Structures are given as structure tokens and as C-alpha cells.
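Written below as C-alpha cells is the structure these notes are about.
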Amino acid sequence: MSELVIETQALTKRYGQMTAVDGLDLGVHQGEVYGLLGPNGAGKTTTILMLLGLTEPTAGRVRVLGLDPARQPLSVKAKVGYLPERVGFYDELTARENLTYIAKLNGIPREEARRRIDEGFARMGLSEVADRRVATFSRGMRQRLGVADVLLKQPKLIILDEPTQGLDPEGAREFLHIIRSLKSEGITILLSSHLLHQVQAVCDRVGLFHRGRMVLEGTVDELARRALGSSYRIRVQADGAQPVLTEALQRVPGVVNVTPEGSNRYVVEATGDLRAEAAQAVVAAGGRLLALDVEAPSLEDIYTRTLEEVEHGPTA
Amino acid sequence: MALQLERASGGRSREGSPWTGLWAVVAKEMADHLTSARMRILEALIVLTAGGTVYAAMRSLRDSVSEDRFLLLKLFTTAYEPLPAFAGFLVPLIAIALAFDAINGEFSRRTMSRILAQPIYRDGLLLGKFLAGLCTLALVLTAIWSLIVGMGIIGLGIPPSGEEVARSLWFLLASIFYGGIWLALAMVFSIVFRQPATAALASIAVWLFFTVFWDILAGLLAQSLRPVRFGFAQEILAQAQLEMALARISPNTLYTEIMLPLLHPTVRSIGLLLPSQLQGAVLGAPLPLRQSLLLIWPQFTGLIAVPILLFALGYVLFQRQEIRA
Ligand SMILES: Nc1ncnc2c1ncn2[C@@H]1O[C@H](COP(=O)(O)OP(=O)(O)OP(=O)(O)O)[C@@H](O)[C@H]1O
Ligand SMILES: [Mg+2]
């Protein structure tokens, strides 16, 4: 595997009695989009703050870009872009003035800063409003300004805390598009969210958080297989003798269960996407295939199922 | 415990200067102060106060012109009744206005985590804000000082002596440090309270307490702790000394004790004056500036030390604060 950009070992944060993050082992690879997923209060923000050295861990080890954020916070913060939850700007200043301040804090020379700021505005579609006061900005514009702000230091790693929160569906889609374009530049991205379908749409890997613990981790596909087992549902519509077709579908390797529905519909539960095999079986058994459709497991299902298991013990 | 110590020493050996980014913060904060609506209000106050002070002083000074060697200094001390001499209330007011939302303002605008995610320590942010406030305060007070001196010279028609200018400049410096106390206090409150209005109110409450109540309280405390039972001179002296020591806890007392010898060159002692101290002294003869400065030196150090202590307190509180809003 490629090198680890974020690495934590037994990372723990306690607030008095309350354990916000509990023995977290996290590894994020170079160039990856990693999604921290979990309900409110799961410890996502706390984890992110520890990665940036903004909160001190109670125990455990953290490495970000090979550096210890508690000991070398300046180097870490110079290389990592962070977009906080519900980001704020100085309303009485213009967008450009806001970013100029950040550029100065990063010690970017004036000319270079101006160039990068204009570039960032152009990229985020904010060039028109660059000299307007941020007070007049909409939620979506602020979020894009936040990305322009993060890009200013040309980061190797970007951490986004609930980046799509408060955006309308159109705005959220646009934002996911931005994340994909950042990924294509080779920037590693860690984002937290509780909006599952969005994480599913952009993340290479997902870690599912619950009460400070990582309860499940992997690619969306892996998670699906692990959490749901045989839960690809293939809907087949075919004319033909029902017992024969049911029998034929049942014999396809990987099929777990076949349930006829109505006169010519079947629901096939399988361990993978077996549309091609199912079609073949129907045709071979002399049926006329009318329609074929697969329901991939959504992260939503995995999420609900896993959280239920964590709370009440395994259901199956 | 050992773990904590280790962590503490780890914190101290962190990389880079704690003041990284300091000047960026100072520049930004000063620009903010100077362009803010708050500043417009303060400017109006400045002009009103300077004008009022000079006008009031002129009216009472016209008659005694030519007699007094230190006419210019009188401008700062002669107050027209409803208008206190300019420093007494305006300096704390400006200082508090500049700092009461320094830290909690960043939280309420949700900019704190974004700023601290830049390569800068909290030290730099806090000191930058304090320095920017102090520089703005210095600028404002110097403006008032210039206005008063300028209008005074025109109105009185007599050029001031070098000594007068030097004394009034020292007074200006003392006023800036006195303002530094209230600036640091308001900043501490801006860390402690999440609501800027609460922080402003708390700062003003402390100021009122020292302005109105502390002298009374010091008197009462001295009376109960060192009661005069038999009317001996020692008893009376002990009580007076305690009262004065207590009174000096108030920054207002410190400031007044500095102001007196600076602006009234004939004052040769602050506090209790014993007959022995008067021996060989010509009453009414003004002290040279050097002597006056020697007289106020302890108070002056106090005036510088208090803001530093308050700043250190604010620093400790701020370091421990959780960043998330
Ligand atoms: N300063 C604090 N003192 C005590 N408890 C805290 C503090 N900060 C956070 N917590 C607790 O830690 C837990 C984790 O909080 P965190 O903000 O990391 O959750 P999150 O996953 O980001 O949730 P959300 O989706 O709501 O943002 C919460 O239960 C919260 O109450
Ligand atoms: Mg959160």
C-alpha cells in the first residue's frame, strides 16, 4: 500500500468521565478520500481536532504527514487544510481581505498570495464577488470561500468537517464535485459526515464511528458485503413457467434465495451482482426475459444495520 | 503526574517561535480597530473631550495667565465640573471598548478554529490582539494629547517650556499603561465569558468598583483591622498606612499618584507626608522632572506590572480553552 498520510494508534480523548474518542486506530493513505461516518456525538470532530493539534489527546499516538501534531503543530498546520464545521468568516471584511489575512498568517509572499487567491476565486466561481463583504454571502458561497481558503496553502491533506451540512441538494452535489476534482490532483482528503449517500458518492473508504469507536471500516463495497452478506437484490421480470424459472435461478452459483412475486416477477437475493448469470439462466430455461434490475446495498442499510448490531448485539 | 510533567515539558519544547504570525495578527486587528464603527464613536468622544477640556480650562485659566510657570500642565488637570479631567474615565472606556470582544468575538463569528488551524500559536494570537489594542489606544490618547496641547498653545498664546512638554509626555505614557490595565482586564473577561456583552459589563463593573467603592471599602477595612482605641499617634498612623496600602490595590489610585507629581511639580510626596520629609524643603518650590519621576517610580512599575500579570492570566486561561465553538 502507499504511504500513510494519517496514522493513529489507540488514540483516546476523555472529557472527565465522558470518553469522546476511544482507542481509535485510523490509517489514511496518500491520495485517498476517506469518510468518517457517524451519528451526532460519535467523536468525529474531536478526532479531527486531535489530528490538527487543536486538542490534546488523552492517550495514544498520532502522525499526520509523518509529524506529531502536538509537538510540531506549525509544520502540520502549514501543510494541512482544515475546513471546520459551519465555517465562519469576518463578515465586515471582503472575501479577498479574509483570504489575504490567512495568506499572511501562512507567511505567503504578497505577490504569490494575490496570485493564489485569484486562482482560488476563479476555481470556486467567486471571482465576481471577491471584493464584496462576506456578510452578503449565502451559505453555499461561504462554503466555497472556505475551500478557496483551504487551497491557499496548497495543502497535501485536506480535512473537511461536515462539508455539505446546510447546503441544498444542488449545492451539495456541486461540493461533492469539488471534492472529486481535488482528489484528481492527488490531494488526500478526510471528510466527516452523517449524510450517508454523499459519503458513498465520493469516498474510497469509509470508517463508521459510534460512541468514539470505529465499528466498521472498508470500501463501500466491502462494507456492504461484510455487513449485509447476501443482500444484492436482483429483480427479474420474465415470462415462462414459474416453477421452472424459479428452479433455474436457484441453481445459479451465488444465489441465496428466490422469491416469485406475481405471475412473472422474481426477487433474487445474491451475494453479488449476478444480473448476467440470472439472464442466462432464464434464457436457458426457455423463459422470455422482460426486465432486469439490481438494487445495490446502500450505505444507509449498512449504517442502520451496523448501528443496530452495535447497540443490541448481533441480530442474526 | 509524571505523565503531566512530561507533557508539559513536551509543550515547552514545541517547534518554532511562539510569536509566529504575530505581526500579521497585529496588522489585521489594528486595521479592524481603526476602521470600525466603534472607532468613529471614540473619535467623536475624543474631539468632544479634548475640546471640552481645553474650553473649560481656558475659562478658569485666563485670569491667572502669566503668573503660572506650568500653564500647559494645568490644561490636563483643570476640569470644568461635569466634565472630569480627560484621563479619568475616557482611558478605561476606550480600553474596554477595544478589547471586550477580542476572543469571544472570534468564537461567536466561528472564525477561531479556522484561524488556529493556520501555522500560528495561541500565544501569537493573544499577544497580537493585545498589542493591536495597546497601539490603537496609544494612537487615540496621543491624538487627544496633541489636540489639547495644540489648542492650549493657540488659546493661551504662550509656547510651553521643554519641561512642561516632557512632563505631559510622561503623563501620556502613564495614561497608555493605565489603559493597558483595562485592556488586559477586558481581554481576560473576553476569554472567560462567551458573550461579548457580559465581558463588557464585567469590565465596567470592575472599573466602577474601583472608582466608586474601593476607597470607601479601604477606609472601612482599615478602621476595623487597625482600630484607633486610645488615640495614640502610632495608632492613627498605622490605620492611615493600612488604608493607603489598601487603596493602592486600585489601579485608579496608582494612576492618580502618578498623575499628581507629574502634573503638579510642587507635589513632593505622595501619600502621607511626615514633618521630617519637609525639612530643608522650600514649600511651593517645584521639583525638577527627575525628582518627580523618582517619586512615582514604584507606582509606575506597578502600572506596567499589572497589565503583564493580567495578560499572563489571560494566556493561561486561553491555552486551556476548548477550541470548538
Ligand atoms: N469540551 C467538551 N467537554 C465535554 N464533552 C465534550 C466536549 N467536547 C465534546 N464533548 C463530547 O464528546 C462527544 C463527541 O463529540 P464530537 O463533537 O466529536 O462529535 P461529532 O461526531 O463531531 O458529532 P456531530 O455530528 O454532532 O458534529 C460528544 O458526546 C460531546 O458531548
Ligand atoms: Mg462534529
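Going down the list, the sequences are from chains U and R.
FYI, in my numbering the residues of the first sequence are 1 to 316.
FYI, in my numbering the residues of the second sequence are 1 to 325.
Ideal Cβ positions, reconstructed from N, Cα and C, are used throughout, including at glycine.
These figures come from a predicted structure and were not determined experimentally.
Continuous alpha helix (DSSP H) stretch holding residue i: start and end
i, result
"R/Gly179", "162-192"
"R/Ser224", "214-225"
"R/Gly124", "122-156"
"U/Leu152", "Where U/Leu152 is concerned, there is no enclosing alpha helix (DSSP H), given that its DSSP letter is neither H nor E."
"R/Leu208", "196-208"
"U/Ser181", "169-184"
"R/Gln321", "No alpha helix (DSSP H) holds R/Gln321; DSSP gives it neither H nor E."
"R/Glu106", "104-108"
"U/Arg114", "110-124"
"R/Trp19", "Run containing R/Trp19: none; DSSP gives neither H nor E here."
"R/Arg14", "From DSSP, R/Arg14 is part of no alpha helix (DSSP H); its letter is neither H nor E."
"R/Thr53", "37-61"
"R/Phe76", "71-77"
"R/Ser376", "In the structure as shown, chain R starts at 1 and stops at 325, and residue 376 of chain R therefore has no counterpart that could be examined."
"R/Ala233", "233-247"
Residue-level contact to chain U via CB, residue i, 7 angstroms cutoff
i, result
"R/Ala133", "A small fix is needed here, since residue 133 of chain R is Gly in this sequence, not Ala. So no, R/Gly133 is outside the interface."
"R/Gln118", "yes"
"R/Glu243", "no"
"R/Ile323", "yes"
"R/Ala24", "yes"
"R/Lys74", "no"
"R/Ser113", "yes"
"R/Arg320", "no"
"R/Lys28", "yes"
"R/Arg167", "no"
"R/Glu43", "no"
"R/Gly16", "yes"
"R/Gly21", "yes"
Between the CA atoms of residue j and residue i - distance to the nearest angstrom
i, j, result
"R/Ser326", "R/Leu295", "Residue 326 of chain R lies beyond the stretch modelled for chain R, which goes from 1 to 325, so this question has no answer here."
"U/Gly207", "U/Gln200", "11 angstroms"
"R/Ile304", "R/Ala95", "15 angstroms"
"U/His29", "U/Leu65", "10 angstroms"
"R/Val54", "R/Ile158", "14 angstroms"
"R/Leu313", "U/Leu74", "24 angstroms"
"R/Ser250", "R/Trp207", "9 angstroms"
"U/Arg275", "U/Gly166", "38 angstroms"
"U/Pro69", "U/Gly53", "5 angstroms"
"U/Arg205", "U/Leu190", "10 angstroms"
"U/Glu92", "R/Pro196", "17 angstroms"
"R/Leu3", "U/Asn106", "For R/Leu3, the pLDDT reaches just 39, beneath the cut-off of 50, and the residue's location in the model is therefore unreliable, although a value from the coordinates is still provided. Each residue's alpha carbon lies about 33 angstroms from the other."
"U/Arg61", "R/Ala44", "56 angstroms"
"U/Gly81", "U/Gly41", "23 angstroms"
"U/His194", "U/Pro163", "10 angstroms"
"U/Ala281", "U/Gly262", "19 angstroms"
"U/Ile187", "R/Val25", "29 angstroms"
"U/Asp293", "U/Leu4", "39 angstroms"
"R/Gly219", "U/Arg96", "57 angstroms"
"U/Glu174", "U/Gln250", "43 angstroms"
"R/Pro298", "R/Trp170", "15 angstroms"
"U/Ala122", "U/Glu185", "17 angstroms"
"U/Asn98", "U/Met50", "25 angstroms"
Extent of the continuous beta strand (DSSP E) to which residue i belongs
i, result
"U/Ala10", "4-15"
"U/Phe209", "205-210"
"U/Asp25", "18-29"
"U/Ala59", "59-64"
"R/Glu257", "It is not in any beta strand (DSSP E) - R/Glu257 instead sits in the alpha helix (DSSP H) that spans 251-263."
"U/Glu56", "It is not in any beta strand (DSSP E) - U/Glu56 carries neither H nor E in the DSSP assignment."
7 angstroms Cβ cutoff, residue i in contact with chain R
i, result
"U/Val87", "yes"
"U/Ala148", "no"
"U/Tyr34", "no"
"U/Tyr101", "yes"
"U/Tyr232", "no"
For residue i: DSSP bridge partner residues
i, result
"U/Tyr82", "U/Ile159"
"U/Arg133", "U/Thr94"
"U/Val33", "U/Ile189"
"U/Gly218", "U/Val206"
"U/Leu67", "U/Val64"
"R/Arg229", "In the DSSP output, where bridge partners are listed per residue, R/Arg229 has none listed."
Could I get the ranges of all uninterrupted alpha helix (DSSP H) runs contained in the region 221-307 of chain U, with 4 residues as the minimum, in chain order?
The DSSP assignment places 242-251, 275-284 as complete runs of the alpha helix (DSSP H) inside the region 221-307 of chain U, in order along the chain (cut-off: 4 residues).
I need the residues with a C-beta less than 7 angstroms from some heavy atom of ligand 3; please give them in chain order.
Only ligand 1 and ligand 2 can be found as ligands here, which leaves ligand 3 out of the picture.
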